[in-house]
Amino acid sequence: MNRRYRSSVLLVLLFTFLVARVQGQDTTGRIEGLLRDPRGAPVPNATVVLTHLSTAAEHSARSGTAGTFSFVLLPIGNTG
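Okay, so the sequence shown: first residue is 22 according to the numbering used here, each after it adds one.
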């Protein structure tokens, strides 16, 4: 992934974390996002990597044709 796409991914993830809802007793989480290039067009087939900061476990997802991606059943904790 080139530098612009990485920046876009980081921006999307940051936005996702800022607007995430808090679920009281959940033991897993979900992150969804949309990848767009600097011109606003969707970025299909991009690999998005999420790292659990406490365990260093990595999760990866691939964006669909519309640029959307999701991570499901993620363990609760800090990710980046």
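Glycine included, C-beta positions come from ideal geometry on N, C-alpha and C. Bear in mind that the values here come from a model prediction, so they are computed numbers and not experimental data.
- The DSSP-derived three-state label of S84 is coil.
- Taken atom to atom, the span from the alpha-carbon of R25 to that of L56 is near 11 angstroms.
- Under the DSSP assignment, G61 falls outside any beta strand (DSSP E); it carries neither an H nor an E label.
- With respect to the C-alpha of V64, the residue from I97, A78, H80, S84 having the closest C-alpha is S84.
- Sequence-distant Cβ neighbours of T48 in its own chain, meaning closer than 8 angstroms and more than five residues away, are P96, I97.
- As DSSP reads the structure, I52 sits in a beta bridge with F92.
- Looking at the DSSP output, T68 shares a beta bridge with R83.
- Short of 7 angstroms from the beta carbon of R51, and not among the five residues preceding or following it, lie these beta carbons of its own chain, in chain order: S91, F92, V93, L95.
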